[in-house]
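In this text, residue positions in the sequence shown follow this note's numbering: the first is 658, and each later residue adds one. Just so it is clear, CB atoms sit at the ideal spot from N, CA and C, and this is done for glycine as well. This one's a predicted model, so the numbers in the text were calculated from it and none came from an experiment.
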Amino acid sequence: MRATNMDGMIASKLAKVNEDITVRRADNGWVVEFGGRSHDDDWKHFKIVCTEMEEVTTLVLEHSAVELDN
Numbered sequence: 658m659r660a661t662n663m664d665g666m667i668a669s670k671l672a673k674v675n676e677d678i679t680v681r682r683a684d685n686g687w688v689v690e691f692g693g694r695s696h697d698d699d700w701k702h703f704k705i706v707c708t709e710m711e712e713v714t715t716l717v718l719e720h721s722a723v724e725l726d727n
C-alpha cells in the first residue's frame, strides 16, 4: 500500500482522536495504534499495519490534524 492510500484513513474512521498514538516496529514494517470517537460517538480503537515509513508518517500527520477528544 502506498502512502497516498493512507490519506484520510483516520478521519474516515474517527471524528475525534485520543491524545495517544503508538508506533511499534515489526519484522515486516510497523504497527500504528490509535483510538477515539467514531462519527456515531462510539469509542473505537484501531491497529494499522504499515510496510512503508511514508505510511507511518502520513498517519502521524493526519492524527495531529484530527480534533482531539479531551
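Taking just the CA atoms, how far does residue j sit from residue i?
i	j	result
Asp699	Leu725	15 Å
Glu676	Glu719	13 Å
Trp687	Arg694	23 Å
Met663	Glu711	9 Å
Assuming residue i and residue j are in contact, meaning their beta carbons sit under 8 Å apart, how far apart are those beta carbons, in whole angstroms?
i	j	result
Val689	Leu716	5 Å
Going by beta carbon distance, what residues of the same chain come within less than 6 Å of residue i, once the five residues before and after it are set aside?
i	result
His696	Ala672
Going by beta carbon distance, what residues of the same chain come within less than 7 Å of residue i, once the five residues before and after it are set aside?
i	result
Arg681	Trp687 and Val688
Can residue i be considered in contact with the ligand COA, in the sense that its beta carbon sits closer than 7 Å to one or more heavy atoms?
i	result
Glu719	By its list of ligands, the structure shown contains no ligand whatsoever, and the ligand COA lies outside what it can speak to.
List in chain order: all unbroken beta strand (DSSP E) runs of 3+ residues lying wholly within the stretch 667-718. 673-683, 686-694 and 700-707
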